Structure formats: C-alpha cells, structure tokens
Amino acid sequence: MTVVVVTLASATRMKHVANQIRFVRRVAPDAGHVVVWLDETPAPDVPALAGVTTLHVPPGPEGLRLAAGRNRGADTAIGRGATLVVFLDADCVPGDDLFPLYERAADAHPGALLSGPVTYLPEGFVLGTGEGLDEATAPHAARPAPPAGSTVVAGADDYPLFWSLSFAVTPATWARIGGFDERYEGYGGEDTDFAYTARSLDVPLVWVGGAHAYHQHHPTSSPPWRHLPDVVRNGGLFAERWGEWPMGGWLEAFEREGAVRRTDDGGWALVDGPGVPR
Numbered sequence: 003m004t005v006v007v008v009t010l011a012s013a014t015r016m017k018h019v020a021n022q023i024r025f026v027r028r029v030a031p032d033a034g035h036v037v038v039w040l041d042e043t044p045a046p047d048v049p050a051l052a053g054v055t056t057l058h059v060p061p062g063p064e065g066l067r068l069a070a071g072r073n074r075g076a077d078t079a080i081g082r083g084a085t086l087v088v089f090l091d092a093d094c095v096p097g098d099d100l101f102p103l104y105e106r107a108a109d110a111h112p113g114a115l116l117s118g119p120v121t122y123l124p125e126g127f128v129l130g131t132g133e134g135l136d137e138a139t140a141p142h143a144a145r146p147a148p149p150a151g152s153t154v155v156a157g158a159d160d161y162p163l164f165w166s167l168s169f170a171v172t173p174a175t176w177a178r179i180g181g182f183d184e185r186y187e188g189y190g191g192e193d194t195d196f197a198y199t200a201r202s203l204d205v206p207l208v209w210v211g212g213a214h215a216y217h218q219h220h221p222t223s224s225p226p227w228r229h230l231p232d233v234v235r236n237g238g239l240f241a242e243r244w245g246e247w248p249m250g251g252w253l254e255a256f257e258r259e260g261a262v263r264r265t266d267d268g269g270w271a272l273v274d275g276p277g278v279p280r
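Numbered according to this note's numbering, the sequence shown spans residues 3 to 280.
Next up, the structure:
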C-alpha cells in the first residue's frame with residue numbers, strides 16, 4: 003500500500019509535530035506526510051522536509067477548522083496516490099507496528115474505518131529514538147485494545163468511542179463516509195459526528211490491536227474550560243443531526259460549576275453573568 007499520514011498542526015504543537023515527522027520517517031521511511039496548518043498565519047518552514055506537504059486552512063468565524071483541515075489533508079493525500087490514509091493527532095507518534103498493522107487490517111476488512119489504541123505518555127517522558135515506548139504502552143482504558151495482530155469489529159453501541167487521535171481509511175472508505183462535516187468549527191463533536199455518519203452508512207468500525215500510537219504529554223484541563231463555547235455550540239449542531247448530545251461528561255461537569263444549564267428541550271445552553279467560570 004501507499005501510506006500517507008495526515009496531521010493537523012498549529013504553533014503550539016510544533017515540537018510535537020516535529021517529533022511525529024521524525025518517528026514516521028524512522029518507522030515508515032516511504033510514507034508520505036501531509037501537515038495541515040490551522041493557525042491564521044501561514045505555516046513556518048519547519049515541517050517542509052523531504053516527503054512532507056504543508057497546507058494552510060486558516061480559522062473560520064468560530065475557531066480552528068479541524069473538520070475542514072482533515073478533509074483537505076485527506077483529499078491531498080489521495081490526490082497524491084495514497085491507498086491508505088492514516089490520521090494522527092499532532093501530539094501522537096506512531097509505534098513500530100502502527101503502519102503494517104493498519105495495512106493488514108485494511109486488507110482483512112475492506113471498506114472499514116480502522117482505529118488503533120493510544121497511550122498517553124506521562125509528563126517528563128523523553129521520546130528519544132523510541133526507547134522505552136514498549137514499557138510505557140498502556141492504551142487508554144476507555145477504548146478497546148485487542149491483542150497485537152488481532153482485530154475486533156465494533157458493535158453499533160461502540161461508535162461513540164471512536165476518536166480522531168489515530169485512525170485509518172482507504173480512499174474508497176473515505177469517499178463513502180464523505181469526510182468530516184465542515185460546519186463544525188472549534189473544539190469537539192466533529193469526530194463523533196464522523197463516526198455516526200459511518201455507522202449510518204453501515205461502514206464497519208474495526209479496533210486494530212497493536213497499532214499503537216503514543217500521545218505526547220501537554221497540560222490539559224477537564225472539563226476543557228477554554229473550549230466551553232465550542233463544546234456547547236458543536237454539541238447543539240450534533241444534537242440537531244443525531245437527536246442526542248455528545249460530550250455529556252464535560253457538559254455535566256460544566257453544569258456543576260454553573261457554566262451551562264439544561265434547556266426545556268433537553269439540550270444545553272451557556273449561562274451568562276458575572277462570576278460564571280470560563
């Protein structure tokens with residue numbers, strides 16, 4: 003297969019993206035790489051290495067355009083001959099077997115949406131040249147992680163577990179799903195929408211054991227306060243389309259802090275006023 007990696011990038015993640023490029027070169031030297039720059043200003047020259055294509059998708063009125071960025075990245079990858087597109091979050095580096103196991107799964111499950119496990123590396127972990135990754139492997143417990151070399155076809159109830167940190171599709175599968183809904187801007191909702199679209203089209207979701215990605219540490223908050231308006235806005239868009247709200251745990255946490263309230267129709271709305279946490 004001709005593999006092309008697609009990742010979204012911004013100035014705050016330049017160091018992590020540089021590590022990703024370095025690791026992709028180490029474990030899959032023949033893979034292509036498309037880096038989609040999401041900031042207002044054009045991308046710096048740092049990612050412009052051999053085999054790396056840089057695109058610029060600036061923010062929209064509501065924030066960073068993650069959905070549009072992934073769409074443009076995938077279309078570029080396919081236009082340049084990709085037979086398997088592997089999406090990696092800017093913070094993720096591939097394990098040694100990520101690409102061959104995604105390729106094997108694509109052969110075994112033609113037409114499927116493929117998802118591998120992700121390990122969140124602890125603060126202070128030094129990537130180096132990959133030493134210590136095997137010992138650090140501890141896939142996030144909220145997602146299935148089958149034994150290495152095996153695959154599990156998800157049930158219908160598992161599609162909400164899909165996330166965009168690491169997944170792979172063939173061009174035919176990408177075309178069938180139709181990409182991400184570009185009405186989503188800012189943070190949250192677009193990846194679950196993508197999975198629900200796949201489910202509505204009877205596209206299998208397959209958990210790929212051993213296709214490990216490793217998420218480099220960075221500070222976070224839970225719930226994600228700086229993304230509060232995005233979560234409510236994108237959650238409402240999702241609910242209009244699918245009849246339910248995503249990101250329920252975050253919304254309930256925001257509610258406990260007095261930042262959102264339930265509406266009469268069962269949805270959520272921002273609470274305005276002095277002293278409201280943001």
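Note that CB positions come from ideal geometry on N, CA and C, so glycine has one too. What you are looking at is a predicted structure, and each value in this text was computed from that prediction instead of being measured.
1) Can you name, in chain order, every residue of its own chain whose Cβ lies under 6 Å from the Cβ of P49, other than the five neighbours on each side?
2) Where does the unbroken beta strand (DSSP E) through L57 begin, and where does it stop?
3) What residue from A177, R258, D32 and R24 has the CA that sits closest to W227's CA?
4) Between which two residues does the beta strand (DSSP E) containing P231 stretch?
5) Out of L66, L100, R72 and R243, which one is the CA nearest neighbour of F182?
6) What first and last residue would you give for the beta strand (DSSP E) that runs through R264?
7) With H, G and I counted as helix, E and B as strand and the rest as coil, what does DSSP make of V8?
8) Cβ of T121 within 8 Å of Cβ of A138?
9) Do L167 and D91 come within 8 Å of each other at the CB atom, strictly closer than that value?
10) Roughly how many angstroms lie between the CA atoms of G81 and A170, to the nearest whole one?
11) Since I believe V95 is in contact with Y216 (beta carbons under 8 Å), could you give me their beta-carbon distance rounded to a whole number of angstroms?
12) Whole angstroms is fine: what's the gap from R264's alpha carbon to D274's?
13) Buried or exposed: H35, going by 16 or more other Cβ atoms within 10 Å of its Cβ?
14) By the 10 Å Cβ neighbour count, where 16 or more other Cβ atoms means buried, how is S117 classified, buried or exposed?
15) Over the uninterrupted beta strand (DSSP E) stretch that includes F169, give me the two end residues.
16) Please classify F164: does DSSP put it in a helix, a strand, or coil?
17) If you follow the beta strand (DSSP E) that A215 is part of, which residue opens it and which one closes it?
18) Could you tell me if E105 is buried or exposed, where buried requires 16 or more neighbouring beta carbons within 10 angstroms of its beta carbon?
19) Report the residue ranges of all beta strand (DSSP E) runs contained in full by the stretch 62-115; include only those spanning at least 3 residues, in chain order.
20) Which residue wins for smallest C-alpha separation from S12, given the options R145, G97, S202 and P60?
21) Since P119 and H219 are thought to touch, with beta carbons under 8 Å apart, how far apart are those beta carbons, to the nearest angstrom?
This is what the structure holds:
1) With a pLDDT of 49 at P49, under the threshold of 50, the predicted position of this residue should be treated as unreliable, and no value is reported.
2) Per DSSP, L57 belongs to the beta strand (DSSP E) from V54 to H58.
3) R258
4) Where P231 is concerned, there is no enclosing beta strand (DSSP E), although the alpha helix (DSSP H) it sits in stretches over L230 to W244.
5) Measuring from the Cα of F182, the nearest candidate turns out to be R72.
6) V262 to R264
7) If DSSP states are grouped into helix, strand and coil, V8 belongs with the strands.
8) yes
9) yes
10) Rounded to the nearest angstrom, the two C-alpha atoms are 16 Å apart.
11) 5 Å
12) Per the coordinates, the alpha-carbon of R264 lies some 13 Å from the alpha-carbon of D274.
13) Counting the other CB atoms within 10 Å of its CB gives H35 a total of 16 or more, which places it among the buried residues.
14) buried
15) S168 to V171
16) coil
17) A215 to H217
18) buried
19) 86-90 and 94-96
20) P60
21) Incorrect: roughly 17 Å between the Cβ atoms, too far for contact.
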